[in-house]
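J.:
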Amino acid sequence: MKTEEELIQFEKQWNSALENNNADEISKFMSPDWIIVGSDGITGKSSFLESVRTGILTHNRMDSDEMTAKIHGNTGIIISRGTSAGIYDGQAFELYEWSCSTYIKEDQQWYCVSTMVTKANRL
Numbered sequence: 593m594k595t596e597e598e599l600i601q602f603e604k605q606w607n608s609a610l611e612n613n614n615a616d617e618i619s620k621f622m623s624p625d626w627i628i629v630g631s632d633g634i635t636g637k638s639s640f641l642e643s644v645r646t647g648i649l650t651h652n653r654m655d656s657d658e659m660t661a662k663i664h665g666n667t668g669i670i671i672s673r674g675t676s677a678g679i680y681d682g683q684a685f686e687l688y689e690w691s692c693s694t695y696i697k698e699d700q701q702w703y704c705v706s707t708m709v710t711k712a713n714r715l
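Next comes the structure, spelled out in structure tokens:
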């Protein structure tokens, strides 16, 4: 399997873990210092996982209709467009968004170090 395909498969497995709302499983895909950047600012790994553990954030959909991977040594970047849906703080949400995630590979294992999301327009 090409490295790009391996990273795309890893991303799809992480999306599946997010849909299952299991914070311990989700954590396995993230580096210790992982962050997500969105319209509300920057959220770190521990805060994100705590919101999943407490049920403040649940996902029922994480999918992509476009995804590309680029590899540079032990660093990978995935740019994707898709839907993230679920419940946040008691309110249902469905976001169609672009995301850009940066990964590192250590000891034959990929880890996401950062994710940035922004609204995508439907074509």
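With my numbering as the guide, the letters of the sequence shown map in order to residues 593 to 715.
Don't be surprised by glycine CBs; every beta carbon is placed ideally from N, CA and C.
Just to confirm, are Thr-707 and Thr-694 a CB contact at a threshold of 9 Å?
T.: The residue you call residue 707 lines up with position 115 of the sequence shown. The residue you call residue 694 lines up with position 102 of the sequence shown. Contact flag set, yes.
J.: Between Gly-542 and the rest of its own chain, which residues show a CB-CB distance below 6 Å, the 5 nearest in sequence each way excluded?
T.: Nothing can be reported for residue 542: it is not among the residues displayed for the chain, which extend from 593 to 715.
J.: Using CA coordinates, which residue listed in Trp-702, Ser-656 and Ser-639 is at the minimum distance from Ala-615?
T.: The residue given as residue 615 occupies position 23 in the sequence shown. Ala-615 has its Cα closest to that of Ser-639, out of Trp-702, Ser-656 and Ser-639.
J.: Could you pull the start and end residues of the alpha helix (DSSP H) that Leu-599 belongs to?
T.: For the purposes of this step, residue 599 is identified with residue 7 of the sequence shown, where counting begins at 1. Note, Leu-599: alpha helix (DSSP H), 595-612.
J.: Is His-664 buried or exposed, if buried means 16 or more other CB atoms sit within 10 Å of its CB?
T.: What you label residue 664 is simply residue 72 of the sequence shown in a count that begins at 1. His-664 should be labelled exposed.
J.: Going by C-alpha to C-alpha distance, which of Ile-679, Cys-692, Ile-600 and Tyr-703 sits closest to Glu-617?
T.: On the sequence shown, position 25 is the one that residue 617 refers to. With distances taken between Cα atoms, Glu-617 lies closest to Tyr-703.
J.: Could you check where the beta strand (DSSP E) with Leu-687 kicks off and where it finishes?
T.: Start at 1 with the first residue of the sequence shown, and residue 687 comes out as number 95. Run containing Leu-687: 683-698, per the beta strand (DSSP E) assignment.
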